[in-house]
Structures are given as C-alpha cells and as structure tokens.
C-alpha cells in the first residue's frame with residue numbers, strides 16, 4: 028500500500044515568490060493534515076481537513092497561506108508571497124475519519140523542504 | 056495550555072548501550088501519548104503509543120516506553136542501541152476527548168550512535 032505522497036521534496040525560491048506543495052493521502056483516509064516543522068522544532072498543525080471541509084485552520088496564517096482539498100482527496104498548500112521565515116519542512120499526514128472512541132493513527136509523508144532566499 | 060517537553064536536545068550513545076529519552080507533558084488529564092522517529096529525509100514513523108491500561112508499552116524496533124502519571128512522563132527506552140537508531144525522536148500528545156484533532160509535539164531529541 029502506498030503511503031502519503033508529497034511533492035516536490037525540495038523547493039528553493041526567492042522571497043516574495045509564490046510556492047505550492049501537493050499531497051496525496053493514503054487511499055480511503057478522509058482526514059488530512061498539514062503541519063509545518065521549523066528547524067530544531069517539532070511539527071505544528073497548520074490545517075486539518077475532514078473530506079473537503081477545513082475543520083481546523085486556526086493556525087494557518089491566512090494573509091499569505093491558503094489550502095484546498097477540492098475533491099476530498101489530494102490537497103494543495105500555497106504560500107504567496109513567501110517570506111524568509113517560511114523556510115521549513117511542510118509535512119502532510121492522513122488518517123481514517125475520526126470516530127468517537129476510536130483512535131486512528133496519523134501517517135506522515137516525507138515532507139517538502141522549503142528554502143526561501 | 057497543552058505542551059510537551061523533551062529536555063535533551065542531543066544525546067550520543069555507544070552502539071550496544073542502553074538508551075532512555077525523556078518526555079514530560081503538561082495536560083489537564085491523561086492524554087494519548089506517542090513517540091515518533093524521523094530519519095533524515097523521511098516522514099515521521101510511529102514507534103509506540105499509550106492510551107490507557109498497562110503503563111509499560113512495547114513498540115516497534117525494540118523500543119518501549121513507560122507512562123508515569125505522578126511524574127507526567129512518558130520516557131522512551133531501548134536496552135541495546137543499533138547504529139540504525141540514529142535519528143530524531145519526537146514525543147507527542149493528543150486529546151482523548153477530541154482524538155485525531157492534532158498532535159502536539161515536543162521539540163525533539165537527536166540521537167547519535169557512536170561505534
């Protein structure tokens with residue numbers, strides 16, 4: 028079974044340029060997460076989707092970040108314009124739908140390492 | 056606020072020696088607890104988890120962890136470290152009441168293995 032797929036794996040851009048990351052979750056996983064991992068830190072949630080709905084985007088910097096999951100499968104995370112402080116690893120994770128009393132493990136992709144010059 | 060503390064930023068262990076990585080959490084109740092490992096260029100892999108019951112949990116790759124409620128700790132252990140264990144290790148918590156919302160991670164501990 029294929030895991031969570033992310034592309035590109037690496038991206039180098041100049042500040043003020045736009046950038047987009049793509050994530051394909053594990054087949055059948057309704058819940059999709061985007062995390063950001065700064066150097067020397069643990070991942071922090073940016074946004075969580077259940078199917079097409081963004082159910083938690085409270086930590087997403089909405090002035091420059093946007094995300095979409097139009098058909099409830101693949102997702103794209105965009106930054107426009109990028110700033111130096113956006114350099115980080117962007118991780119996508121997916122899990123089965125959350126049900127009361129049942130914990131479904133989050134499976135992580137390899138991440139996209141963004142460098143903003 | 057919920058938080059996870061991993062006091063050790065970097066640990067070096069000789070191959071074959073035992074390992075203990077520390078994790079402390081701050082939470083209103085007993086959360087779900089996890090240890091993940093991240094190798095260079097790889098995604099996070101779940102080593103083990105604790106929800107309830109037996110406080111000593113076994114995971115993959117020979118790892119185990121012990122939950123101590125009185126100390127709000129969930130330390131990771133391995134009796135004999137292999138060179139392939141060199142990686143970044145993250146402790147994380149999740150809410151039992153809203154499980155699957157978002158994991159809260161510590162800052163991680165980098166493990167180096169010397170020969």
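Residue numbers (our numbering), protein chains in the order written: chain G, 28 to 144; chain W, 56 to 170. Idealized CB from N, CA, C, for every residue including glycine. Since we're looking at a predicted model, the values are computed, not measured.
Worksheet item: Can you check whether the CB of residue 138(G) is closer than 8 angstroms to the CB of residue 118(G)?
Response: yes
Item to complete: Could you tell me whether the Cβ of residue 118(W) comes closer than 8 angstroms to any Cβ of chain G?
Response: False, the Cβ-Cβ gap to chain G never drops below 8 angstroms.
Practice prompt. Determine the DSSP secondary structure at residue 101(G), reduced to helix, strand or coil.
Written response: coil
Practice prompt. Report buried or exposed for residue 138(W), applying the criterion of at least 16 other Cβ atoms within 10 angstroms of its Cβ.
Written response: exposed
Worksheet item: Where does the unbroken beta strand (DSSP E) through residue 85(W) begin, and where does it stop?
Response: That residue, residue 85(W), is in no beta strand (DSSP E); it is neither H nor E in DSSP.
Worksheet item: Comparing the C-beta of residue 107(G) with each C-beta of chain W, is any distance below 8 angstroms?
Response: no
Item to complete: Give every residue of the same chain whose Cβ lies closer than 7 angstroms to the Cβ of residue 78(G), excluding the five residues on either side of it in the sequence, and list them in chain order.
Response: 57, 99, listed in sequence order.
Worksheet item: Roughly how many whole angstroms lie between the Cα atoms of residue 120(W) and residue 133(W)?
Response: 9 angstroms
Fill in: Assigned exposure category for residue 115(W) - 16 Cβ within 10 Å defines buried
exposed
Fill in: For residue 63(G), three-class secondary structure by DSSP
In the three-state reduction of the DSSP assignment, residue 63(G) falls in the strand class, which pools E and B.
Discussion item. If we define contact as Cβ-Cβ less than 8 angstroms, is residue 87(W) a contact residue for chain G?
Written reply: With 8 angstroms as the cut-off, residue 87(W) counts as an interface residue toward chain G.
Worksheet item: Quick one: which chain G residues come within Cβ less than 8 angstroms of residue 113(W)?
Response: Within 8 angstroms Cβ-Cβ: nothing; residue 113(W) doesn't reach chain G, min ~16 angstroms.
Item to complete: Express the C-alpha separation of residue 143(G) and residue 39(G) in angstroms, rounding to a whole number.
Response: Each residue's Cα considered, the two are about 6 angstroms apart.
Worksheet item: Is the distance from the Cβ of residue 121(G) to the Cβ of residue 53(G) below 8 angstroms?
Response: yes
Worksheet entry | Simplified DSSP assignment, three categories, for residue 114(G) | coil
Discussion item. So if I threshold CB-CB distances at 7 angstroms, which residues from the stretch 128 to 140 of chain G count as touching chain W?
Written reply: 130, 131, 132, 133, 135, 136, 137, 138
Discussion item. Within 10 Å of its beta-carbon, does residue 70(G) have 16 or more other beta-carbons around it, so buried, or fewer, so exposed?
Written reply: buried
Practice prompt. Determine contact between the stretch 80 to 89 of chain W and the stretch 78 to 88 of chain G, defined as no fewer than three beta-carbon pairs at a distance below 8 angstroms.
Written response: no
Item to complete: Measure the C-alpha to C-alpha separation of residue 43(G) and residue 51(G) and round it to an integer number of angstroms.
Response: 27 angstroms
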